[in-house]
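Inspection log for the structure reproduced underneath, given as structure tokens.
In the numbering used here, the protein residues as written are 1 to 68.
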């Protein structure tokens, strides 16, 4: 799926709209958010099983839909 692109003029218009509405974050707030996101090296990684299990056990368990 292709992400929609944002033209520079659209970005400027959106920034102006946010500034006028008082919703534009400060540079400090923006940098803090970037720091928080980048400080967690694997934010979406969740363990699926114990590493002691073999591949066949994992395959069967995942087909059943969970840890059974």
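Ideal Cβ positions, reconstructed from N, Cα and C, are used throughout, including at glycine. Note that this is a predicted model, so its numbers are computed, not measured.
Boundaries for residue 3: no alpha helix (DSSP H) harbours it, and the DSSP string shows neither H nor E there. For residue 8, the enclosing alpha helix (DSSP H) has its first and last residue at 8-21. In this structure, DSSP gives residue 40 a state outside helix and strand, which the three-state scheme calls coil. With respect to the 7 Å criterion, residue 30 and residue 24 are not classified as neighbours on the basis of their beta carbons.
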